[in-house]
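The sequence shown begins at 1 in full-length UniProt numbering and counts up one residue at a time. For each residue, glycine too, the CB sits at the ideal point set by N, CA and C. Working notes for the structure below.
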Amino acid sequence: MEHGNSGNLIKNTRADASVPVVIVASAFGAQAIRRDGHAAWAEIAAKAGAAGFEVRRELFSYKAQSQPASLYELGQRIRAAGIWPVYSTPASLFDDTGALDERAMEQTLDEAAALDARIVKFQLGGSESAGTVTDCATLDRLIAGIRNSKAQVVVENGQLQAGGTIDAFSTLFDALANRSHTLSMTFDTGNWRWAQQDPLEAARRLAKYVGYVHCKAVQGEGARRFATAPATGDAYLAALLAYLPAYVPRGIEFPFDQNNLAADAARYVKQLASA
Numbered sequence: 001m002e003h004g005n006s007g008n009l010i011k012n013t014r015a016d017a018s019v020p021v022v023i024v025a026s027a028f029g030a031q032a033i034r035r036d037g038h039a040a041w042a043e044i045a046a047k048a049g050a051a052g053f054e055v056r057r058e059l060f061s062y063k064a065q066s067q068p069a070s071l072y073e074l075g076q077r078i079r080a081a082g083i084w085p086v087y088s089t090p091a092s093l094f095d096d097t098g099a100l101d102e103r104a105m106e107q108t109l110d111e112a113a114a115l116d117a118r119i120v121k122f123q124l125g126g127s128e129s130a131g132t133v134t135d136c137a138t139l140d141r142l143i144a145g146i147r148n149s150k151a152q153v154v155v156e157n158g159q160l161q162a163g164g165t166i167d168a169f170s171t172l173f174d175a176l177a178n179r180s181h182t183l184s185m186t187f188d189t190g191n192w193r194w195a196q197q198d199p200l201e202a203a204r205r206l207a208k209y210v211g212y213v214h215c216k217a218v219q220g221e222g223a224r225r226f227a228t229a230p231a232t233g234d235a236y237l238a239a240l241l242a243y244l245p246a247y248v249p250r251g252i253e254f255p256f257d258q259n260n261l262a263a264d265a266a267r268y269v270k271q272l273a274s275a
């Protein structure tokens, strides 16, 4: 499906209430974030009307930026701008054998706490062939590990088969179904394409687990795919959003026009809030 780089998102006729919109730091460009730091762009996100700003761990320029003192200062600056932080890490909740990665989980949750993040986002990870381990002992450790997190813990569908398939998420959340837990998922509208999954089927099957949505369209095929802004009247994105919870935060994870960043950010925040 073809998508353009500009235009209005189709309006949501189900409700008048606006949805909180998060600007993902990478939307402003990785080079700009590494050059200026997250805080400077969080202020621009706030002026654009965003409710939150997603800090991307992989865009830190040096190791000290992921240390508690630096994260605390960054979180304070984001909140001083009048918005709340989201913390995103490339770390996976499950390693490539399918086992729970407790070290990555603990480290990431500590970093999110220092930032005072409202949401903390992991990749799901796991083994491409076997998925994730879901025995009782593993689930007990997962539930205990995230129980005291002030941030909402979410796992995202990635661009690889490992951690990017509908069945991987369905298996995990089905295993958690009869347990009290706080885990939910980030539904990335575009990443399913990389993993050769049907986004609409994913929305139908996984909507009840979704606590955060990453919004983007996709152009190209195979390894040449890339994220782009939804086209004018993008009925496909509208259909996806119609399946998903109406008021969970929506993150902008497509690139803004580099020649008009602030205006582009404001335009898409307004549009996505009512899409």
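As a beta-bridge residue in DSSP terms, GLN219 pairs with PHE226. Between the region 224-231 and the region 196-210, the count of C-beta pairs closer than 8 Å stays below three; the two stretches do not touch.
Residues of the same chain with a CB within less than 6 Å of the CB of ALA46, apart from the 5 flanking positions on each side, are ALA81, GLY82, ILE83 in chain order.
Taking C-beta separations shorter than 6 Å and ignoring five residues to either side along the sequence, the partners of ASP188 in its chain run GLU156, ASN157, HIS214, following chain order. With at least 16 other beta carbons inside 10 angstroms of its own, GLN152 counts as buried. By the neighbour-count criterion, in which a residue is buried when 16 or more other Cβ atoms sit within 10 angstroms of its Cβ, THR89 is buried.
Ranked by Cα distance from TYR87, the first of ASP101, ASP264, GLN123 is GLN123.
Per the coordinates, the alpha-carbon of ARG118 lies some 35 Å from the alpha-carbon of GLU221. Its Cα nearest to that of LYS150, the residue GLU111 stands out among GLU111, ALA195, ASP140. Between TYR268 and the set TYR212, LEU244, THR108, ALA51, the nearest pair of CA atoms involves ALA51. Membership of GLN123 in any alpha helix (DSSP H) is not indicated; the residue belongs instead to the beta strand (DSSP E) covering 119-125.
An exposed status is given to LYS63, since fewer than 16 other beta-carbon atoms sit within 10 Å of its beta-carbon.
For ILE23, the uninterrupted beta strand (DSSP E) run begins and ends at 21-24, by DSSP.
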